[in-house]
Each structure stands twice: as structure tokens, then as C-alpha cells.
Amino acid sequence: MLRLSRGAKISLWVVASLVIACTYVPLLVIIMNSFSSSRIAGWPISGFSLVWWEKALMNEAVHAAVINSLVVAAGATLIALLLGTLSAFALQRFTFFGREVVNLLIILPITLPGIVTGVALSNTFYGVLDPMGIKVGYAGMIIAHATFCVVMVFNNVIARLRRMNPNLEEASMDLGAGIGQTFRLVTFPQFRSAFIAGGLLAFALSFDEVVVTIFTAPPGVETLPLWIMNQMARPNEANQVNVVATVIILLSLIPVYFSQKASAAADAK
């Protein structure tokens with residue numbers, strides 16, 4: 005068992021405390037400024053007020069941005085769940101020429117800088133498809149998000165498939181169950197937690213995406229991250245952004261919590 009000296013323990017504690025402080029103190033400042041009575045965000049706050057919460061919650065632009073983000077994230081997640089799961093099964097269960105290349109191509113989008121992906125998709129949508137009369141519009145933004153969301157599902161599902169016992173499926177089919185029944189009663193329950201965890205991570209990643217959205221969003225369409233970025237150029241509206249950011253911080257705890265629970269359940273099996 006590794007034992008640390010007293011000096012090493014103190015150093016580790018100091019470094020860990022600094023990292024935690026750098027992460028969470030700025031979030032606390034955002035939350036506190038959402039309740040500030042001042043028009044301009046700052047520290048310390050001049051007084052407490054709910055005026056910015058009222059303005060933000062009644063702002064129709066915020067409502068539209070939230071709906072756009074939810075629709076895009078949900079669409080991208082559905083695509084990712086389907087393609088990521090099928091890809092994981094294909095690469096785990098079958099041997100074919102070029103399998104490693106396919107595996108690389110699936111993972112590549114998450115390793116590319118967002119600006120590269122955004123420029124590539126924008127050129128394709130508006131430089132190739134648009135002149136051909138194919139208007140991708142809103143669907144193009146969903147497809148763009150799905151390109152990197154697929155990786156989240158793929159990595160979670162294939163990691164679980166590699167730990168599954170194929171004898172259970174063989175026993176099910178030996179007892180007379182068909183392929184569909186075996187998948188529903190034996191196979192899916194074994195990787196269900198990884199499937200859910202991948203979907204939650206994909207949704208969170210899509211909901212938060214900015215760079216790819218800038219290049220692929222149709223004119224006049226704003227997701228919530230784009231709305232926040234545009235509002236930051238208006239200092240008098242900064243506290244509305246703090247309100248929205250506070251809500252996002254609180255809501256983000258939900259998918260993270262369930263994703264952790266699902267991952268823990270997958271590891272326990």
C-alpha cells in the first residue's frame with residue numbers, strides 16, 4: 005500500500021484545494037451576480053434583487069433558445085444512440101476487413117477541434133449541398149451535433165460489450181428464444197446502463213456545443229449557448245446571462261448524476 009509523507013499529503017491537499025477553488029469559485033460568482041441589484045455584473049455585489057430573474061424568465065429570446073437547444077440535443081442524441089450502438093455491435097461482434105479503420109473514423113470527430121468540424125460541415129452544407137438544391141437547414145445543425153455525439157454512445161456501449169458474457173445469449177437461443185427476444189431479455193439489460201450513460205453524455209455535450217453550432221446554425225436560429233455568447237457583448241444584460249447560467253448549472257447536475265449512477269451500475273455488473 006502506497007504511503008505518503010506528511011509533506012506530500014499537505015502539498016497534495018493544497019494543489020487539490022486550488023484546483024477546486026479555481027473551478028467552483030467562478031461558478032459561485034455567477035450565481036451571486038444573478039441576484040445582484042446592479043445592472044453590471046461585478047464583485048462584491050451591491051445588493052440582492054430578483055429583478056434579473058424576472059427579466060430572464062420572461063425573455064422570449066431565452067425561451068426560443070432553450071427550445072432550440074433541447075430539440076437539437078434530443079435529435080442528436082437519438083441519432084447517436086442508434087448509430088453508436090449499431091457501430092459498437094458491428095465492431096465488437098464481427099470481424100471484417102478495415103474494422104480498425106472504421107473504429108478510427110468513428111472516434112475521429114471527438115478528437116478534431118470543433119472549429120475544423122464546423123468549417124468542414126459549413127462548407128459541405130452551404131458550398132456543396134445548397135447549390136444542388138438540398139437545403140439542410142435546422143436538420144443540418146442536428147446532424148452536425150450527432151457527428152461527435154455518436155462517439156459518446158459508442159465508447160460506452162462497446163466498453164460494456166467487451167465485458168459481456170456471450171454464453172448467456174447462446175443459452176437463451178438454445179432454450180428456444182429468437183434473436184429479438186434474446187436481445188430484449190438478455191442482451192439489452194446487460195448494456196442498458198452504458199446505453200443510458202452514453203445518451204446522457206451525448207445530450208449534455210450537444211446542449212453545450214458552441215463552435216460547431218456557429219458554423220451550422222441556420223440564419224436567425226440561436227441555441228442557448230449562442231444566445232449567452234451574443235449577450236456577453238452587452239454589459240447591461242450580463243446579469244440575465246448569469247441567471248440563465250445559474251439555471252444551467254443546477255440542471256446540469258441532473259444528467260451528470262444519473263450518468264454517474266448508470267456508469268457505476270455498469271461497472272458493478
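Here the sequence shown is numbered in this note's numbering, starting from 5 and rising by one per residue. Built from N, CA and C at the ideal position, the CB exists for glycine as well.
Taking 8 Å as the threshold, find out whether the stretch 142-156 comes into contact with the stretch 186-197 through three or more Cβ pairs. no
Within the same chain, show all residues whose beta-carbon is closer than 7 Å to that of residue 150, passing over the 5 residues directly before and after it, in chain order. 80, 83 and 84
Close-in-space but distant-in-sequence residues of the same chain around residue 186 (CB under 8 Å, 5 per side omitted): 173, 176 and 177
If we call anything under 8 Å between Cβ atoms a contact, is residue 213 one with residue 72? no
Helix, strand or coil for residue 187, going by three-state DSSP, please let me know. helix
Output needed for residue 41: all residues of its chain with C-beta closer than 8 Å, excluding positions within five of it in sequence on either side, in chain order. 49, 50, 51, 52, 53 and 55
Is residue 152 near residue 113, with beta carbons less than 8 Å apart? A contact, by the Cβ cut-off of 8 Å.
Take every Cβ of the stretch 107-126, pair it with every Cβ of the stretch 195-207, and state whether three or more of those distances are shorter than 8 Å. no
Under three-state DSSP, which class holds residue 38? coil
Are residue 77 and residue 231 touching if we call contact CB-CB under 8 Å? no
How many Å lie between residue 47 and residue 208 at the Cα? 30 Å
For residue 211, which of helix, strand or coil comes out of DSSP? helix
For my contact list, residue 96 and residue 162 are in at a C-beta cut-off of 8 Å; report their separation, rounded to the angstrom. 5 Å
Have a look at residue 59 and residue 228 and give me their C-alpha separation to the nearest angstrom. 16 Å
For residue 250 versus residue 34, is the C-beta spacing smaller than 8 Å? yes
Rounded separation between residue 219 and residue 211 - CA only: 16 Å
For residue 165 and residue 92, which I take to be in contact (beta-carbon distance under 8 Å), what is that distance rounded to the nearest angstrom? Going by Cβ atoms, the distance from residue 165 to residue 92 rounds to 6 Å, so yes, they are a contact pair.
Buried/exposed call for residue 264, threshold 16 Cβ in 10 Å: exposed
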